[in-house]
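First residue of the sequence shown: -7, per the working numbering; consecutive thereafter. Quick reminder that beta carbons are idealized off the backbone N, C-alpha and C, glycines included. Structure, as structure tokens:
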Amino acid sequence: MRRGATAPPGGPRAARRAALGTTVFTELTELAQHTGAINLGQGFPDSDGPRTMIDQARKALASGANQYPPLGGAPELRQAIARQRARRYGARYDPDDEIVVTTGATEAVAAAVMAFCDPGDEVVGFDPSYDAYQAAADLAGVAYRRVSLRRTADHFAFAPDELCRAVSPRTRMLLLNTPHNPTGKVFTHSELADIAEVCRSHNLIAVVDEVYEYLTYDGAEHLPLASLPGMRERTISVSSAGKTFSLTGWKVGWACGSAPLVGALRSVKQYLTFAGAAPLQSAVAIGLDHEEEWVEGLRGRLRRQRDLLAEGLAEAGLGVLRAEGGYFLQADTAGSDPAEAERYCRELPLSRGVVAIPTAVFAQDTAEYRHLARFAFCKDPDLLRRAARAIASPSAARASP
Ligand SMILES: *Cc1c(COP(=O)(O)O)cnc(C)c1O
-7 MRRGATAPPG GPRAARRAAL GTTVFTELTE LAQHTGAINL GQGFPDSDGP
43 RTMIDQARKA LASGANQYPP LGGAPELRQA IARQRARRYG ARYDPDDEIV
93 VTTGATEAVA AAVMAFCDPG DEVVGFDPSY DAYQAAADLA GVAYRRVSLR
143 RTADHFAFAP DELCRAVSPR TRMLLLNTPH NPTGKVFTHS ELADIAEVCR
193 SHNLIAVVDE VYEYLTYDGA EHLPLASLPG MRERTISVSS AGKTFSLTGW
243 KVGWACGSAP LVGALRSVKQ YLTFAGAAPL QSAVAIGLDH EEEWVEGLRG
293 RLRRQRDLLA EGLAEAGLGV LRAEGGYFLQ ADTAGSDPAE AERYCRELPL
343 SRGVVAIPTA VFAQDTAEYR HLARFAFCKD PDLLRRAARA IASPSAARAS
393 P
């Protein structure tokens, strides 16, 4: 028998890979590129991070920081992360064995799923979710059970008893993201207390994606789940330089937790990437030590941009929900034509020259979010004004190419 005679290798096999598919997300991003529409779909800022960080990266590149850094990450970066957690949250982590540098927060989450779960195990989290979580679970052969963040008048909340019911004897890990993408929700102290109670009583490891830890608005405050009673020893806190310093292309992330948890994560990460880009690590250390004021400025700009976009969308007749953190806001398309967010978002690039993402692409329970669209506000104010005007404009008929 001639093996492989009918199908080339890597084609139709591998159901795990096939499950990842091509999303509406990819489709709409490509549409934005082809049509030149204003892309409020993908969350990347259109201006760079602090000068000092970029200068340091250039200096490191020119002065020989070009070979593999240690598996755990450059010591100076791990020390800067330890200082940042201590200064900001009063949390002590040993840079030697309680902190690991990863290739973005994304690698930290994927490595955690693989480190703490076997195929057939379960992870519990919230719906909607950042899309990489489902993919990490699928690739690891792990079931991702989600608890709905349900619409309230202008925001999102979950029912603690639904969270309890989502936990089974196979559940190993709880995956939380706060401040939350795509909803803009910042989990409150009392919500975190409910989540912590579930983790403690079912002996779960918590992995918390805190990439928007600095980007909160209107007095909302980011609280690490690890700071709640009994949670430090069972929580991995994940963050990244990407969102904090507007350097999303650098992909420098990290994970902090107890030595046994971080050791397990590091042993998986060893065979995923071993290490991230060496010359960027000292630059991120400088950012963490010296650029909090710059980040404070970014936070103010993002809040103003959020308000600008929210006002514009409201004038265009969309219902705008409260976004307390991150890069995105949620808009209700129920009163629009078409009312279904997926159809609304498919028509928007052609009719108005703007790209937004239907929130249902991040969800398992797509019906719950069928009237919601996610808009990014991490963009230049002029661009946001133009986008809002285009959406509101009655003359921008849906006939243009
Ligand atoms: C953008 C984003 C990430 C990606 O972080 P990297 O450091 O670029 O891997 C992870 N989680 C959430 C919730 C995000 O929005």
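Residue 232 - partner residues in DSSP beta bridges: Counted from its first residue, the sequence shown places residue 232 at position 240. In DSSP, residue 232 forms a bridge with 245.
Run of the alpha helix (DSSP H) containing residue 122, from where it starts to where it stops: As a working note, residue 122 is residue 130 in the sequence shown. No alpha helix (DSSP H) contains residue 122, which DSSP labels as neither H nor E.
For residue 239 and residue 41, the rounded distance between their alpha carbons: On the sequence shown, residue 41 is found 49 positions in, with the first residue counted as 1. On the sequence shown, residue 239 is found 247 positions in, with the first residue counted as 1. Answer to the nearest angstrom: the Cα atoms are 6 Å apart.
Cβ-Cβ distance between residue 360 and residue 177 below 8 Å: For the purposes of this step, residue 360 is taken as residue 368 along the sequence shown, with counting starting at 1. For the purposes of this step, residue 177 is taken as residue 185 along the sequence shown, with counting starting at 1. Result no, Cβ atoms of residue 360 and residue 177 do not sit closer than 8 Å.
Candidates 330, 356 and 377: closest to residue 120 by CA position: On the sequence shown, position 128 is the one that residue 120 refers to. Each of 330, 356 and 377 was checked against the Cα of residue 120, and the nearest Cα belongs to 356.
Through-space distance from residue 245 to residue 92, alpha-carbon basis: In the sequence shown, the residue the question calls residue 92 occupies position 100. In the sequence shown, the residue the question calls residue 245 occupies position 253. Whole-angstrom Cα-Cα distance: 9 Å.
Burial state of residue 235, where buried means 16 or more other Cβ atoms lie within 10 Å: Working through the sequence shown from its first residue, we reach residue 235 at position 243. With 16 or more Cβ atoms within 10 Å of its Cβ, residue 235 is classed as buried.
Classification of residue 297 by the beta-carbon crowding that lies within 10 angstroms, buried from 16 upward: As a first step, residue 297 must be located in the sequence shown, where it is residue number 305. It counts as buried.
Stretch pair the region 47 to 63 + the region 159 to 166: three plus CB contacts closer than 8 Å: Touching, no.
Close Cβ partners of residue 373 (< 8 Å) along its chain, the five nearest in sequence each way excluded: Taking the first residue of the sequence shown as 1, we reach residue 373 at position 381. So the qualifying residues of the chain are 296, 297 and 300.
According to DSSP, residues forming a beta bridge with residue 148: For the purposes of this step, residue 148 is taken as residue 156 along the sequence shown, with counting starting at 1. 143, per the DSSP bridge assignment.
Whole runs of the alpha helix (DSSP H) within the region 302 to 346, excluding any shorter than 4 residues: 333 to 343
Those residues which DSSP pairs with residue 199 across a bridge: In the sequence shown, counting from the first residue as 1, residue 199 sits at position 207. Bridge partners of residue 199: 167 and 228.
Residue span of the alpha helix (DSSP H) that contains residue 394, given as start and end: Outside the displayed range of the chain (-7 to 393) lies residue 394, so it cannot be described from this structure.
For residue 17, the three-state DSSP class (helix, strand or coil): On the sequence shown, residue 17 is found 25 positions in, with the first residue counted as 1. The answer is helix: DSSP assigns residue 17 an H, G or I state.
Secondary structure of residue 394, DSSP reduced to three states: No answer is possible for residue 394: it lies beyond the span of the chain, which begins at -7 and ends at 393.
Beta-bridge pairing of residue 136 - partner residues as DSSP gives them: Reading the sequence shown from its first residue, position 144 is the one you call residue 136. DSSP lists 115 as partners of residue 136.
C-alpha distance - residue 366 paired with residue 358, whole-angstrom precision: Locating residue 366 in the sequence shown gives position 374, counting from the first residue. Locating residue 358 in the sequence shown gives position 366, counting from the first residue. Cα to Cα, the separation comes out at about 14 Å.
Own chain partners of residue 391 with C-beta closer than 6 Å, once the 5 adjacent residues on each side are dropped: For the purposes of this step, residue 391 is identified with residue 399 of the sequence shown, where counting begins at 1. Below a pLDDT of 50, predicted positions are generally treated as unreliable, and residue 391, at 40, falls in that range; no measurement from the model is reported.
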